[in-house]
Amino acid sequence: SGDSAPLNEAMAVLQHHDAVSGTSRQHVADDYARQLAAGWGPCEVLLSNALARLSGFKENFTYCRNLNISVCPLSQTAKNFQVIIYNPLGRNIDWMVRLPVLEHGFVVRDPNDTVVPSDVVTLPSSDGQELLFPASVPALGFSTYSVSQVPGRRPYAHRPQPRSPWTW
Amino acid sequence: SGDLTIQNEHIRARFDPVTGLLVEVENLDQNLLLPVRQAFYWYNASVGNNLSTQVSGAYIFRPSRQEPWMVSHWAQTRLVKTRLVQEVHQNFSAWCSQVVRLYRGQWHLELEWTVGPIPVGDGWGKEIISRFDTALETKGLFYTDSNGREILERRRDYRPTWKLNQTEAVAGNYYPVNSRIYIRDGTMQLTVLTDRSQGGSSLKDGSMELMVHRKLLKDDSRGVGEALLEDGPGRWVRGRHLVLLDKARTAASGHRLQAEKEVLAPQVVLAPGGGAPYGLK
Numbered sequence: 090s091g092d093s094a095p096l097n098e099a100m101a102v103l104q105h106h107d108a109v110s111g112t113s114r115q116h117v118a119d120d121y122a123r124q125l126a127a128g129w130g131p132c133e134v135l136l137s138n139a140l141a142r143l144s145g146f147k148e149n150f151t152y153c154r155n156l157n158i159s160v161c162p163l164s165q166t167a168k169n170f171q172v173i174i175y176n177p178l179g180r181n182i183d184w185m186v187r188l189p190v191l192e193h194g195f196v197v198r199d200p201n202d203t204v205v206p207s208d209v210v211t212l213p214s215s216d217g218q219e220l221l222f223p224a225s226v227p228a229l230g231f232s233t234y235s236v237s238q239v240p241g242r243r244p245y246a247h248r249p250q251p252r253s254p255w256t257w
Numbered sequence: 058s059g060d061l062t063i064q065n066e067h068i069r070a071r072f073d074p075v076t077g078l079l080v081e082v083e084n085l086d087q088n089l090l091l092p093v094r095q096a097f098y099w100y101n102a103s104v105g106n107n108l109s110t111q112v113s114g115a116y117i118f119r120p121s122r123q124e125p126w127m128v129s130h131w132a133q134t135r136l137v138k139t140r141l142v143q144e145v146h147q148n149f150s151a152w153c154s155q156v157v158r159l160y161r162g163q164w165h166l167e168l169e170w171t172v173g174p175i176p177v178g179d180g181w182g183k184e185i186i187s188r189f190d191t192a193l194e195t196k197g198l199f200y201t202d203s204n205g206r207e208i209l210e211r212r213r214d215y216r217p218t219w220k221l222n223q224t225e226a227v228a229g230n231y232y233p234v235n236s237r238i239y240i241r242d243g244t245m246q247l248t249v250l251t252d253r254s255q256g257g258s259s260l261k262d263g264s265m266e267l268m269v270h271r272k273l274l275k276d277d278s279r280g281v282g283e284a285l286l287e288d289g290p291g292r293w294v295r296g297r298h299l300v301l302l303d304k305a306r307t308a309a310s311g312h313r314l315q316a317e318k319e320v321l322a323p324q325v326v327l328a329p330g331g332g333a334p335y336g337l338k
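Chains as they are written, first to last, in my numbering: chain R, 90 to 257; chain C, 58 to 338.
Below is the structure:
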């Protein structure tokens, strides 16, 4: 079962001005980060249980905590996977989803099984790729998109074109 | 072509083809064009001087001089254009780069900056800022939020509740920025939304800056007993600044709605698919 109390407690501890403004010794700052990460774990279980109940399927839900540095083992290895986007705002939103992938072609379908436009772009100063697609998510709700690799089709992964006369 | 431009239905951003720096933002819907130069700078952290022994540290921001140094006067750039996104990748130095992005249908320019590990081999602590310079006649005024709700008007070298004798021209004008900072003249407003709390200011008319990372070599004698100096080579930090150009009169609706999406961003969850039905029905 999931539990949000550990994260609540971590957030309570982090009301201290040292946590808010970074005026603590390094090992204390590291411990604050540890408490937050430890608190987030049981929340993932809570969110997974809620999504299973609401979507009607017991999935092995996976959270990629390092999307900001383009790391997500599932999207970088699976041939097919689902992307569930939960919107905490009280209004519909459009959101550009970015997920690290290996160099392949992909087809993305929305909850109505309609193909949505998608692109694969190469990341700066690396050869990583990211899959992009626009998602529409209802107020206080979630949308499930399905991503499938297209065998054989290598995308025209949009490689950045060096612009400056200097080499990259 | 020599022109280095990215655009979508609503926004166009132009870069200097030689330096690779952002030089202009245009709101195509409202026919607004503003020269905006954005670059990264660093303040040399004070280690105390003849005026004061105060050191820049975890509690105290105190640069050793008023003018920051540019991280680089130019950036190596790469351009990506697809149906859904147009990006300029800027590489300023081994420890400072940025991707300027415009997604299809988006009303703001996204600047995803990556800074660090900050080099201190020269013996100098460094406090890194991203600075936006425009020709807006702001008359010493700028605006920062207070916890994302109330917007406070700030006036350079001034405090509304007491007569300020300004002794720190830079640090004395820095304020907390929890979600946004903006400058405006009678017509246009340039807003920068942050994805975390940062320090910010406007030290010259038409200019606005946000501090994105720090690495200091001395303790500031306020109780921590340790310099703001992470172990090992130190952290590299990645974040985003969202830049909105609007009419001053209608800017609030743009930045308030976008800031909500930023603070309460969607949660992305993945699943292999094909899971067992939850209930028997």
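In this text, a Cβ means the ideal position worked out from N, Cα and C, and glycines have one as well.
Residue i vs residue j beta-carbon contact at 8 Å
i, j, result
"Leu250/C", "Ala316/C", "yes"
"Ala132/C", "Gln111/C", "no"
"Glu184/C", "Gln115/R", "no"
"Gln143/C", "Ile63/C", "yes"
"Leu302/C", "Val82/C", "yes"
"Glu148/R", "Pro189/R", "no"
"Ser254/C", "Asn230/C", "no"
"Phe97/C", "Cys153/C", "yes"
"Val325/C", "Leu166/C", "no"
"His67/C", "Asn84/C", "yes"
"Phe170/R", "Gly332/C", "no"
"Asp262/C", "Glu319/C", "no"
"Pro233/C", "Gly205/C", "no"
"Leu221/C", "Arg211/C", "no"
"Thr139/C", "Gly77/C", "no"
"Gly111/R", "Ala118/R", "yes"
"Pro213/R", "Val156/C", "yes"
"Ile174/R", "Val186/R", "yes"
Residue i versus residue j - alpha carbon distance
i, j, result
"Tyr245/C", "Ala192/C", "Note on residue identity: the sequence assigns Met, not Tyr, to residue 245/C. If you take the alpha carbons of Met245/C and Ala192/C, they lie about 11 Å apart."
"Arg158/C", "Glu287/C", "30 Å"
"Arg161/C", "Leu141/C", "5 Å"
"Pro329/C", "Gly289/C", "38 Å"
"Phe222/R", "Ser207/R", "5 Å"
"Gln238/R", "Lys168/R", "5 Å"
"Leu168/C", "Asn138/R", "35 Å"
"Ser278/C", "Gln163/C", "46 Å"
"Arg119/C", "Asn106/C", "11 Å"
"Thr307/C", "Trp184/R", "23 Å"
"Ser187/C", "Ala228/C", "16 Å"
"Thr256/R", "Leu79/C", "Any reading at Thr256/R must be qualified, since the residue scores a pLDDT of 41, below 50, and its modelled position is unreliable; no value is offered."
"His312/C", "Phe189/C", "17 Å"
"Gly114/C", "Pro177/R", "37 Å"
"Pro131/R", "Val205/R", "33 Å"
"Gly182/C", "Ile117/C", "13 Å"
"Trp219/C", "Ala70/C", "42 Å"
"His130/C", "Leu103/R", "39 Å"
"Pro254/R", "Arg94/C", "At Pro254/R, the pLDDT of 46 sits below 50, so the modelled position is not reliable; the number obtained from the coordinates is stated separately. If I take the Cα positions, the gap works out to 21 Å."
"Arg154/R", "Gly243/C", "43 Å"
Exposure of residue i, with buried meaning 16 or more beta-carbon neighbours within 10 Å
i, result
"Trp99/C", "buried"
"Val109/R", "exposed"
"Ser310/C", "exposed"
"His105/R", "exposed"
"Pro240/R", "exposed"
"Val281/C", "buried"
"Thr224/C", "exposed"
"Pro217/C", "exposed"
"Asp86/C", "exposed"
"Ser103/C", "buried"
"Tyr234/R", "buried"
"Ile182/R", "buried"
"Leu321/C", "exposed"
"Ser90/R", "exposed"
"Val160/R", "exposed"
"Asp202/C", "buried"
"Val75/C", "exposed"
"Tyr215/C", "exposed"
"Ala151/C", "exposed"
"Trp170/C", "buried"
"Leu143/R", "exposed"
"Thr248/C", "buried"
### Query
Taking contact to mean at least 3 C-beta pairs separated by less than 8 Å, is the segment 175-193 of chain C in contact with the segment 261-277 of chain C?
yes
Flag this pair as touching only if the segment 108-125 of chain C and the segment 218-231 of chain R have three or more C-beta atom pairs under 8 Å; answer yes or no.
-> no
Check: Using 8 Å as the Cβ pair cut-off and three pairs as the minimum, do the segment 120-131 of chain R and the segment 90-105 of chain R touch?
Finding: yes
Pair every Cβ in the segment 291-301 of chain C with every Cβ in the segment 195-203 of chain R, then say whether three or more of these pairs are closer than 8 Å. no
Next item on the list: Let me know the beta strand (DSSP E) ranges lying completely inside the segment 128-200 of chain C, each 3 residues or longer, listed in chain order.
Entry: 133-138, 142-150, 153-160, 166-172 and 183-191
Unbroken stretches of the beta strand (DSSP E), 3 residues or longer, contained in the segment 274-336 of chain C: 294-304 and 324-328
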